[in-house]
Amino acid sequence: MERRNFLALMGTTAFAELARCMGLRTPPENPKADITIHISPIEIEVAPRRIIKTTGYNGSAPGPVLRLREGQSVTVDVFNETRNSEVVHWHGLFVPSEVDGSEEEGTPMVPPGGIRRYSFVPRPSGTRWYHSHVHAGRDLKRATYTGQFGFLYVEPKEEPGNYDAEVFLALHGWDPHLDSQGGEGNLEVTYSVYSINSHALGSGDPVRVKEGQEVLFRILNASATDQHRIALPGHKFRVVSLDGNAVPVPRELDVIEMGPAERVDAVVRMNRPGVWILGEINDQTRNAGLGIVVEYANRTEAPQWNPPANTPWDYTIFGREAETPVPTGGVVPLVFRKKFAGNRWVDHWTINGKSFPKTDPIRVRPNSRYRLRFDNQSDEAHPVHLHRHSFELTRLAGKATSGVMKDVVLVPARKQVEVDFTADNPGPTLFHCHQQLHMDYGFMTMVQYGS
Amino acid sequence: MRCRQLALVFLILIFAAPPGRAQDNYEIQVYGSDLVDPQHTMVELHSNFTIDGSKTIVNGVYPTNHAEHETVEITHGFNDWFECGFYIFTSITQGQSWQWVGGHIRPRVAIPKKWHWPVGVSLSNEIGYQRRQYSVDTWTWEIRPIVDQKIGRWYWTLNPTLDRSFHGESVNQGVVFSPNFKFSYDFTPRVAGGLEYYGSVGPVTGFDAVSQQQHQIFPAIDLNIAPQWEINFGLGVGLTGATDHLIAKMILGYRFNF
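If you're matching them up, the sequences are chains E and V in order. Residues 124 to 574 in our numbering are what the first sequence lists, from first letter to last. Residues 34 to 291 in our numbering are what the second sequence lists, from first letter to last.
Below, the structure is given as structure tokens:
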């Protein structure tokens with residue numbers, strides 16, 4: 124054995140031993156985990172001769188759909204086969220901070236070459252997802268810019284199953300780069316190609332349906348930064364759940380709008396035989412791949428796209444028109460502002476005038492209920508996310524509502540949104556904008572439980 | 034082998050010739066490394082007025098005092114590493130009507146941004162003709178390396194430019210070193226201010242005496258009113274007797290999506 128190879132072997136062994144001592148490797152005496160996730164470099168062919176080199180779960184992007192049973196304990200072994208520390212966030216689950224998958228909350232990272240076992244009881248039921256939750260900054264080959272995302276569906280104890288087929292669709296942008304759009308503006312992330320699941324529009328298999336079927340589409344916006352508006356010409360989406368939570372008033376719509384990390388469950392009655400494109404209504408983005416063909420049985424014509432009516436998206440139509448009294452915990456104002464850092468540079472973001480990690484935490488008492496008032500004083504919409512809890516929308520741009528439960532809400536530019544949440548899951552809890560560039564540049568704070 | 038020999042002869046012809054010099058006040062701009070976006074076209078108008086310049090005909094060239102130079106620059110981006118620009122130079126001098134001065138072509142290559150270099154790098158080649166009444170050299174070639182960097186609100190760019198005359202009085206003077214640089218600070222998203230420097234120090238084989246060199250400093254302002262617009266103002270002060278003493282400049286540019 125050459126000296127160099129010997130040293131490399133010794134180094135790997137020593138590192139593995141160190142990881143084991145730190146509790147980051149699964150002791151061999153432990154039983155096999157229910158689920159195993161390998162984080163590793165992968166290549167995916169999103170379109171013919173369009174190879175994307177990225178990082179994925181179990182050799183693919185998206186990762187496998189994980190189906191868990193609500194309330195039934197599960198163990199997950201995560202193997203990190205990359206050169207960077209990683210962590211998997213179980214988005215939308217009410218799990219303890221130490222397994223939630225956020226370093227800021229105290230979840231241990233999985234070091235390069237390391238293994239970590241997560242054990243938790245999945246709840247609540249519904250469409251959740253799992254994804255990388257690391258800092259990327261200007262390194263657009265990390266975190267949610269990569270293929271590290273996948274559906275996590277928590278089956279309820281009683282599944283009504285009011286549909287004939289179930290289709291999981293994850294939207295994502297690839298080959299990200301920072302761009303000031305040709306001018307002197309701030310740097311934003313743009314993508315050269317998009318996909319639904321692992322293929323760009325026109326590649327991969329179509330969604331095959333039959334006339335008369337009721338198909339439940341579980342749609343996830345897994346983009347690191349982009350909002351998307353999705354339509355299926357000739358058909359209507361009956362939106363039944365937002366972020367995996369059933370809405371009080373299901374509605375039929377032509378277009379679904381989703382901020383990063385949001386999920387929509389929508390049932391479509393297949394009553395227009397043909398071959399259609401389900402995709403982004405923006406022509407440029409759809410032509411760059413954000414679409415998938417929906418093909419009725421025995422139909423072979425070219426896929427059709429017709430621009431839908433441009434109906435505005437409004438969360439409140441899914442809720443009850445009711446004023447909700449201010450909770451006993453009071454109102455917590457959170458003002459979002461952009462902090463100019465230079466043209467052709469990445470802007471910084473503040474919550475109540477401070478950027479993370481200097482932001483003031485939101486202090487709560489266990490089992491108290493609070494109203495968070497998001498005051499977006501910037502010109503961009505922000506998909507803000509509260510870890511380990513859900514919240515109820517109570518007011519959107521002055522319009523009262525109730526009953527819509529979410530874990531991400533898109534706060535429109537220059538508008539206010541109010542949500543109520545109960546502090547019923549003690550432990551450090553992260554609150555942040557799910558736009559990766561925003562969270563990496565200051566748009567985060569912590570919810571701290573105290574007496 | 035033949036190609037190498039030809040290249041060597043070519044380099045000798047360029048660099049071994051005696052020095053020449055060049056300064057024009059038709060396009061006063063320190064280049065950044067960014068190219069015009071692919072399939073976009075930038076149209077710029079450079080308006081320069083010499084408030085205090087030469088007052089007599091020198092070597093057959095019209096005086097620059099109170100001369101108004103209007104230059105149209107049209108640049109098209111072809112891909113993420115190549116663009117090509119065209120110039121039309123005009124002048125209004127005392128006692129003359131609005132006159133066509135000449136035209137240049139400027140192909141430019143750049144390191145694509147996706148390579149993620151810590152600095153922006155590009156190389157501009159500008160070749161063209163100007164009438165004898167407006168320049169002692171009628172055919173010239175400018176090689177302009179460009180290195181720049183943005184750090185937060187600060188920006189700097191350096192253009193260590195080499196000029197070469199092919200026809201005219203300076204044809205035997207070889208390659209002239211004309212360094213330009215700029216630094217600026219983004220005071221707000223819409224307003225950046227800084228200093229631009231334009232020099233011409235003489236042939237690379239032996240600089241001129243300082244009194245014969247050209248040095249100009251321009252306090253300048255860039256306005257960013259919209260992504261498709263480029264607006265730059267400056268007031269230049271000549272630091273040597275060989276330099277026009279006072280020049281006001283303005284660049285107005287617009288990016289078209291074709």
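In this text, a Cβ means the ideal position worked out from N, Cα and C, and glycines have one as well.
Legend entry - Pairwise C-alpha distance: E/Arg467 and V/Gly201: 42 Å
Inset, instruction - Output the residue ranges of the beta strand (DSSP E) runs that lie fully inside the region 201-229 of chain E and measure 3 residues or longer, sorted by chain position. - result: 211-214
Inset, instruction - Put E/Tyr116 into one of helix, strand or coil per three-state DSSP. - result: Here chain E comprises residues numbered 124 to 574, so residue 116 of chain E is not present and cannot be evaluated.
Inset, instruction - Residues of the region 185-204 of chain E with a CB closer than 8 Å to any CB of chain V: list them in chain order, please. - result: Hits within the stretch: zero.
Legend entry - DSSP three-state assignment for E/Thr267, whether helix, strand or coil: helix
Inset, instruction - Kindly indicate if chain E contains any beta-carbon less than 9 Å away from that of V/Asp277. - result: So no, V/Asp277 is outside the interface.
Legend entry - Where E/Asp573 falls, given that 16 or more other Cβ within 10 Å makes a residue buried: One point to set straight first is that residue 573 of chain E is Gly, not Asp, in the sequence displayed. Exposed, since its Cβ has fewer than 16 Cβ neighbours within 10 Å.
Legend entry - Under 9 Å between C-beta atoms of E/Gly296 and E/Ser183: no
Inset, instruction - Flag V/Tyr188 as yes if its beta-carbon sits less than 9 Å from any beta-carbon of chain E, otherwise no. - result: yes
Legend entry - Buried or exposed by the 16-neighbour rule on C-beta atoms within 10 Å, applied to E/Phe459: Burial state of E/Phe459 is buried, judged by a 10 Å Cβ sphere holding 16 or more other Cβ atoms.
Inset, instruction - Work out the CA separation of E/Pro154 and E/Ile238 for me, nearest whole Å. - result: 14 Å
Legend entry - Minimum C-alpha distance to E/Thr250 - residue among E/Arg173, E/Val363 and E/Tyr314: E/Val363
Inset, instruction - Identify whether E/Thr149 lies in helix, strand or coil by the three-state DSSP scheme. - result: Because E/Thr149 carries a pLDDT of 49, less than 50, the predicted location of this residue cannot be relied on, and the following value inherits that uncertainty. E/Thr149: coil per DSSP, three-state reduction.
Legend entry - Burial state of E/Ser346 (16 or more Cβ within 10 Å): buried
Inset, instruction - Identify the contact partners of V/Lys215 in chain E, using a Cβ-Cβ distance below 8 Å as the criterion. - result: Result: empty, since nearest Cβ-Cβ is about 14 Å, beyond 8 Å.
Legend entry - Reduced DSSP secondary structure (H/G/I, E/B, other) of E/Cys144: With a pLDDT of only 41 at E/Cys144, under 50, the local geometry of the prediction cannot be trusted, and the value read off the model is given with reservation. Reduced to three states, the DSSP call for E/Cys144 is helix.
Inset, instruction - Check each candidate in V/Thr276, V/Tyr287, V/His79 and V/Asn290 and name the one with the smallest Cα separation from V/Pro96. - result: V/Thr276
Legend entry - DSSP bridge partner residues for E/Leu533 (one or two, in chain order): DSSP, once it has assigned bridges, lists E/Pro506 as partnering E/Leu533.
Inset, instruction - In angstroms with no decimal places, state the Cα-to-Cα distance between V/Arg223 and V/Ser217. - result: 13 Å
Inset, instruction - Please list the partners that V/Pro178 has in chain E, where partner means a Cβ-to-Cβ separation under 9 Å. - result: Within chain E, no residue comes near V/Pro178; the closest Cβ sits about 20 Å away, beyond 9 Å.
Inset, instruction - May I ask you to report which of helix, strand or coil DSSP gives V/Ala55? - result: Note that V/Ala55 scores 34 on pLDDT, short of 50, meaning its location in the model is unreliable; the coordinates nonetheless yield the value given after this. Coil.
Legend entry - Endpoints, alpha helix (DSSP H) assigned at E/Met562: Gln559 to Asp563
Inset, instruction - Quick one: give me the first and last residue of the alpha helix (DSSP H) that E/Arg409 is part of. - result: Asp406 to Asn410
Inset, instruction - Express the C-alpha separation of E/Asp530 and V/Ser66 in angstroms, rounding to a whole number. - result: 43 Å
Inset, instruction - Please say whether V/Trp133 and V/Arg177 have beta carbons closer to each other than 9 Å? - result: no
Legend entry - E/Lys155 - DSSP class collapsed to helix/strand/coil: The three-state reading of DSSP puts E/Lys155 in coil, since its state is none of H, G, I, E or B.
Inset, instruction - Please confirm if E/His300 has its CB atom under 9 Å from at least one CB of chain V. - result: Closer than 9 Å to some Cβ of chain V, the Cβ of E/His300 qualifies, so yes.
Legend entry - At least 3 beta-carbon pairs within less than 8 Å: the region 413-428 of chain E vs the region 505-521 of chain E: no
Legend entry - Where V/Ile138 falls, given that 16 or more other Cβ within 10 Å makes a residue buried: Exposed, because fewer than 16 other Cβ atoms sit within 10 Å of the Cβ of V/Ile138.
Legend entry - Neighbour list for E/Phe463 in chain V, Cβ cutoff strictly below 9 Å: Arg186, Asp219, Thr221 and Pro222
Inset, instruction - Determine the chain E residues that contact V/Asn257 at a beta-carbon separation under 9 Å, and present them in chain order. - result: The answer, in chain order, is Gly306, Glu307, Gly308 and Asn466.
Inset, instruction - Look at E/Val527 and E/Glu515 and say whether their C-beta atoms are less than 9 Å apart. - result: Yes, Cβ-Cβ distance for E/Val527 and E/Glu515 is below 9 Å.
Inset, instruction - State the CB to CB distance for the pair E/Ala504 and E/Leu533, rounded to an integer number of angstroms; the pair is presumed to be in contact (CB under 8 Å). - result: 5 Å
Inset, instruction - Using the Cα positions of E/Thr587 and E/Phe243, report the straight-line distance between them to the nearest angstrom. - result: Because chain E spans 124 through 574 in this model, residue 587 of chain E falls outside it and cannot be assessed.
Inset, instruction - In the DSSP assignment, find the beta strand (DSSP E) that holds V/Ala253 and state where it starts and stops. - result: Gln247 to Leu256
Inset, instruction - Spell out a yes or no on whether the region 333-343 of chain E and the region 244-257 of chain V are touching, meaning 3 or more CB-CB pairs, one atom from each, closer than 8 Å. - result: no
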